[in-house]
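Numbering (the numbering used here), first residue to last: 62 to 657. The C-beta atom is built at its ideal place from N, Cα and C for all residues, glycine as well. Written below as structure tokens is the structure these notes are about.
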């Protein structure tokens, strides 16, 4: 039988190293799926999801947890447009992804045909680095090659649109003729290091600094040894952007944890008191949490020139790979002898950790949402992979969980989409079936789209060498993050019509799917429930009834925020419980050993 375009397509992706694709079938990709069936799912695994958006989230997570190009597939029309949110998630966090979309037959394009959409235009913004629609068989070779090489080399999202009838045509290599391309497979990352004179300028700035702060992002993930060496040479402290939470372990006394609205007080103090800032591999968005302009001299390292000197005016912006650049910079740095700066950072960390312990154990109705995270932190298994959804859960993920070496953690960072934690956790487990995985989700995100993917977990978990997969659900019947944003940022009382969520037994849904379900509404049972979940012989949904009125207090409260909060409480339907819970949290700062 003659080779079809669809046969060549999967052969070529396999040659590029693709071994898994997340997707959902439909008549717009039937030809492609026929090719995959002939090629063999032992070579490229097709993971059927419950919704195409989840396929794109899974592809994004696959990229984050493996370093490979994540691949997702959807049919024409609505299937393709469903991919877009997950594609933006990958694009915002600079993750390589290839989205494959089917299309109506070529003779019908432009005829207002069923499920016809202008996918080139729809994908242009998110996949603008390379989005193409195939028209003839001889194109397919260079389309696949360029899409994969662009995704890898530029860490961008790319997209290929393939009309269904084209995939069924006989494949032919491009002829040796004018107007053809003859592309090849393969790409390896280059060594990107700044010029020697720029490294010397950066070293001069850093050597002259007396109180050096480092801000670490996900782009520095492969540079942890170099970061530690540079920090030790400079006597520096280091804060972590949310996506860089797993880059440095939190048991280092000079690591202050996350920064920003979800960050720690020591990270705020570090940035307010430093005289020099070294930013490595971070696109952290909130400039108000960085030093005031003119307070600190700045050096930044980033592989993407467009991200340099964007959040803070840097004296020396360096384009380069984080590990290579720091390795080249290290011999030029002087060893700092004064330890006072670091000692102060370590003392601030000790006080902060006492404070969050006290806040987590303050009484609430029924369970303080910080408590499960505080109890989980000391129970985190070695090599665990953590995922968090957007919403109030991310506050406690960011602040209360202490990362150790070898752990990984990620989430929808820059795009901050709801509904990503479960598909992220599933993709992490598919990539690393021997590692324990924990997802942390609020009930709003669970209802939005996470629940259905528990069915996908149930379909696959028996193939995992380690069954430990836990979904921790905070059930407070409130869209809590937005409720608090309304109160603190806008001065609005809680708007019941928009914020109230229906109650639902998530643990029982898990049981219906063949998983384990655990329900807790007693703070005394939180620790034992976590132990039970982590020791279970199958994936677990651990549902905890939490108090929506425990404030996610920022590391630094501005006068405007306090004023808005006070104004909102005048008419808030939950003002009595909010006042009580907030008082307990504030008293934790005054009386660190207070238990409730």
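Rounded C-alpha distance that separates residue i from residue j
i	j	result
residue 239	residue 146	40 Å
residue 269	residue 72	55 Å
residue 90	residue 236	27 Å
residue 77	residue 386	28 Å
residue 616	residue 569	37 Å
residue 273	residue 267	7 Å
residue 602	residue 526	19 Å
residue 467	residue 558	44 Å
residue 95	residue 139	21 Å
residue 483	residue 516	11 Å
residue 337	residue 154	26 Å
residue 592	residue 440	8 Å
residue 420	residue 611	10 Å
residue 540	residue 459	18 Å
residue 189	residue 464	36 Å
residue 303	residue 320	7 Å
residue 395	residue 554	54 Å
residue 148	residue 217	10 Å
residue 653	residue 412	Annotation note: pLDDT 46 at residue 653 (below 50); position unreliable, no value reported.
residue 402	residue 112	51 Å
residue 476	residue 150	5 Å
residue 163	residue 585	52 Å
residue 315	residue 406	6 Å
residue 470	residue 248	27 Å
DSSP bridge partner residues for residue i (one or two, in chain order)
i	result
residue 112	Bridge partners of residue 112: none, in fact.
residue 81	106
residue 536	606
residue 358	337
residue 164	224
residue 322	BP columns for residue 322 are empty, so no partner.
residue 530	498
residue 35	In the structure as shown, the chain begins at 62 and stops at 657. Residue 35 is therefore absent and cannot be evaluated.
residue 503	535
residue 561	539
residue 363	380
residue 428	607
residue 446	469, 498
residue 218	158
Extent of the continuous beta strand (DSSP E) to which residue i belongs
i	result
residue 65	No beta strand (DSSP E) holds residue 65; DSSP gives it neither H nor E.
residue 193	191-194
residue 588	Premise fails: residue 588 lies in the alpha helix (DSSP H), 587-595, not in any beta strand (DSSP E).
residue 132	131-135
Rounded distance between the beta-carbons of residue j and residue i, thought under 8 Å
i	j	result
residue 195	residue 201	6 Å
residue 428	residue 579	Actually they are not in contact, since the Cβ atoms of residue 428 and residue 579 sit about 13 Å apart, beyond 8 Å.
residue 298	residue 351	Actually they are not in contact, since the Cβ atoms of residue 298 and residue 351 sit about 14 Å apart, beyond 8 Å.
residue 374	residue 349	That pair is no contact at about 15 Å.
residue 345	residue 276	6 Å
residue 160	residue 144	5 Å
residue 64	residue 174	Actually they do not touch by this definition, with Cβ atoms about 28 Å apart.
residue 660	residue 308	This structure gives no information on residue 660, because the portion of the chain shown stretches from 62 to 657.
Element boundaries [alpha helix (DSSP H), containing residue i]
i	result
residue 438	431-438
residue 409	401-422
residue 100	91-100
residue 141	139-143
residue 211	201-215
residue 286	285-295
residue 611	From DSSP, residue 611 is part of no alpha helix (DSSP H); its letter is neither H nor E.
residue 185	180-185
residue 573	567-573
residue 515	514-521
C-beta neighbour in chain C for residue i, strict 9 Å
i	result
residue 120	The structure shown contains no chain C; it holds only a single protein chain.
Three-state secondary structure (DSSP) of residue i
i	result
residue 223	strand
residue 490	helix
residue 451	coil
residue 148	helix
residue 302	coil
residue 266	helix
residue 473	coil
residue 307	coil
residue 276	strand
residue 241	coil
residue 159	strand
residue 170	coil
residue 231	strand
residue 316	strand
residue 549	helix
Check: residue i C-beta below 8 Å from any heavy atom of the ligand MN
i	result
residue 104	For the structure depicted, the ligand MN is absent and the ligand set is empty, with no information on it obtainable.
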